[in-house]
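Everything on this sheet refers to the single structure shown next.
If you want it as structure tokens, here you go:
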């Protein structure tokens, strides 16, 4: 009769060990793939939020000082409370210009006033809460990019422009010759030729990080997007 011996105990143990190692390797690979996929999804969501916000900001800021009916500046533009004509009518449709906020006005429905919704818009970066809010008609701003942690609103990104030394301005301003108009110059009411009236280009920079850390590295992904906007309506025009 032939030899009918089965597997030895050692052979069975070796087989079990090899099988366990293979299963562990497969599990590790699947887990790593899932973490990588989750990280990519978070990064894509953060990028989409940031890019969409930047595009909308650029589109609206580009329309600053739009005055198709050539209404006199002293009659059209409102102050930053929207309760009276502007004290500085030569500021036209940019009544506020700082590194973290900007207030723009435009007569987009071409009726000779800026009293309608979305004709006065303020963007403001809130460094302490890591978000940008957008307000209209001088009202309270609502979360636009990111959200304050206390709001309970789900957010994909945290705006971290101020988390660097030096801080990265959300808004930077330039005159027609390309020289930068600093925040101090913009707030100097006695210098109409070098302050807000001289603005011809605005650079917008958004530095954000994903809300949730990457599952692989344990760190938040940082993204930077920037664009320049020519505010061609802001230059004084003469009706032909």
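In the numbering used here, the protein residues as written are 740 to 979.
We put the CB at the ideal spot given by N, CA and C, even for glycine.
Mind checking which residues open and close the alpha helix (DSSP H) that includes residue i?
i           : result
residue 922 : 922-925
residue 815 : 812-815
Residue i to residue j, Cα distance in whole Å?
i           : j           : result
residue 952 : residue 871 : 21 Å
residue 808 : residue 827 : 20 Å
residue 970 : residue 958 : 38 Å
residue 886 : residue 961 : 17 Å
residue 761 : residue 905 : 51 Å
residue 897 : residue 862 : 16 Å
residue 766 : residue 750 : 24 Å
residue 813 : residue 785 : 42 Å
residue 747 : residue 955 : 42 Å
residue 819 : residue 860 : 10 Å
residue 944 : residue 759 : 52 Å
residue 815 : residue 835 : 16 Å
residue 754 : residue 963 : 52 Å
residue 923 : residue 858 : 26 Å
residue 839 : residue 768 : 45 Å
residue 873 : residue 757 : 60 Å
residue 940 : residue 846 : 20 Å
Answer with buried or exposed for residue i, where buried requires no fewer than 16 other C-beta atoms within 10 angstroms of its C-beta.
i           : result
residue 763 : exposed
residue 740 : Note on residue 740: pLDDT 49, under 50, position unreliable in the model; the coordinate value appears next. Per the 10 Å Cβ criterion, exposed.
residue 903 : exposed
residue 803 : buried
residue 936 : buried
residue 948 : buried
residue 899 : buried
residue 796 : buried
residue 822 : exposed
residue 849 : exposed
residue 825 : buried
residue 938 : buried
residue 918 : exposed
residue 854 : exposed
Need the endpoints of the beta strand (DSSP E) that residue i sits in, please.
i           : result
residue 962 : 961-969
residue 897 : 896-898
residue 910 : 910-913
residue 805 : It is not in any beta strand (DSSP E) - residue 805 carries neither H nor E in the DSSP assignment.
residue 934 : Where residue 934 is concerned, there is no enclosing beta strand (DSSP E), given that its DSSP letter is neither H nor E.
residue 948 : 940-949
residue 861 : 859-865
residue 870 : 870-875
residue 842 : 840-844
So residue i and residue j are supposed to be a Cβ contact under 8 Å. How far apart are they, rounded?
i           : j           : result
residue 865 : residue 800 : With 8 Å as the limit, residue 865 and residue 800 do not qualify as a contact, their Cβ atoms being about 18 Å apart.
residue 875 : residue 856 : 6 Å
residue 794 : residue 895 : Wrong, their Cβ atoms sit about 16 Å apart, outside the cutoff.
residue 942 : residue 965 : 6 Å
residue 968 : residue 907 : With a Cβ gap of about 17 Å, residue 968 and residue 907 do not count as contacting.
residue 817 : residue 844 : 7 Å
residue 920 : residue 933 : 7 Å
residue 851 : residue 810 : 5 Å
With a threshold of 7 Å between beta carbons, is residue i in contact with chain D?
i           : result
residue 960 : You won't find chain D in this structure, because it holds only one protein chain.
So, do the stretch 896-915 and the stretch 872-881 have three or more beta carbon pairs nearer to each other than 8 Å?
no
Inter-stretch contact (C-beta, 8 Å, three-pair minimum) for the stretch 891-906 and the stretch 827-836:
no
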